[in-house]
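*Asks:* Shown below is the structure under consideration.
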Amino acid sequence: MNIFVGSLPFSIEEADLRESFEAYGAVDSVKIITDKFTGRSKGFGFVEMPVDAEAQKAIDELNGATVQGRAIVVNKSEPKPEGERRSFNNNRGGDSRGGYGNSRGGNDRGGNRGGY
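Per UniProt numbering, residue 1 is the first one in the sequence shown, and the count goes up by one each step.
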């Protein structure tokens, strides 16, 4: 089971997170997400545990637990449906949902970038 772990202290290491989850069973992998430019933790990560019952017990007992003075959030990670993923530049032409660009909606092909 893939487990989301949020509200992590920025100073926590993957080895520390692994140790916390290994108290409940085998851990396949641990990944703390970092900023690609600074290398600094973004304060969340993922833990993969092969046995669902052990993973669920870890979720139940670690969700809300205090780690280095912070209450962490632990829950089952669900993949986002493909339709909800959006890249940074998805709204560049402007649209009626309030994205970047002009306020008319649709794409402005005349070179006017409006709103920048």
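C-beta atoms are modelled at their ideal positions from N, C-alpha and C, and glycine is treated no differently.
No experiment lies behind these values; they were computed from the predicted model shown.
Under 8 Å, do V73 and F46 count as touching if we go by C-beta distance?
*Replies:* No.
*Asks:* Among E48, E82, E78, which has the Cα closest to the Cα of S20?
*Replies:* When each option's Cα is compared against that of S20, the closest is E48.
*Asks:* What first and last residue would you give for the beta strand (DSSP E) that runs through S29?
*Replies:* S29 -> beta strand (DSSP E) spans 29 to 34.
*Asks:* Taking 6 Å as the limit between beta carbons, can you name the residues of its chain near Q68, skipping five residues before and five after?
*Replies:* For Q68, where only same-chain residues beyond five positions count, the Cβ hits under 6 Å are P9.
*Asks:* Quick one: using the 10 Å Cβ neighbour count with 16 as the cut-off for buried, is A26 buried or exposed?
*Replies:* Flag for A26 reads exposed.
*Asks:* So, under 8 Å CB-CB, M1 and D52 are touching, yes? Tell me the CB distance rounded to an integer number of Å.
*Replies:* 5 Å between Cβ atoms; contact.
*Asks:* With the cut-off set at 8 Å, would you say R7 and G43 are in Cβ contact?
*Replies:* As written in the sequence, residue 7 is Ser, which differs from the Arg given in the question. Contact flag set, yes.
*Asks:* Tell me whether F21 sits in a helix, a strand or coil according to DSSP, three-state version.
*Replies:* In the structure shown, F21 sits in a helix (DSSP, three-state: H, G or I).
*Asks:* Taking the C-alpha atoms as reference points, what is the distance between residue 154 and K57?
*Replies:* Because the chain is modelled from 1 through 116, residue 154 falls outside the range shown and cannot be assessed.
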